[in-house]
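Just so we're aligned, residue 1 is where the sequence shown starts under this note's numbering, counting upward by one.
C-beta atoms are modelled at their ideal positions from N, C-alpha and C, and glycine is treated no differently.
Working notes, beginning with the structure itself.
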Amino acid sequence: MAVQQNKVSKSRRNNRRSHDSLVAANPNECDNCGELKRPHHVCPSCNHYATREVIADTTEIDLDEDAA
């Protein structure tokens with residue numbers, strides 16, 4: 001069982017925890033649609049990244065029913 005050797009003061013304990021806080025998100029505006037998105041990620045609303053479409057919408061894909 002771990003037993004502390006000396007009492008850790010509130011000041012020393014709080015100084016150790018000073019870097020544990022969470023950082024707020026830093027959203028950027030999408031160049032294509034203007035929605036907020038995460039930096040360096042594909043826009044979830046329009047599927048664009050750096051002014052080009054990365055993921056095609058499934059509604060835009062023309063699937064042949066005869067092919068299956």
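Using the DSSP secondary-structure output, state which residues sit across from residue i in a beta bridge.
| i | result |
| --- | --- |
| R52 | Y49 |
| E29 | L36 |
Taking residue i as part of the alpha helix (DSSP H), name the residues at either end of that continuous run.
| i | result |
| --- | --- |
| N15 | K10 to R16 |
Under the three-state reduction of DSSP, which class applies to residue i: helix, strand or coil?
| i | result |
| --- | --- |
| H41 | coil |
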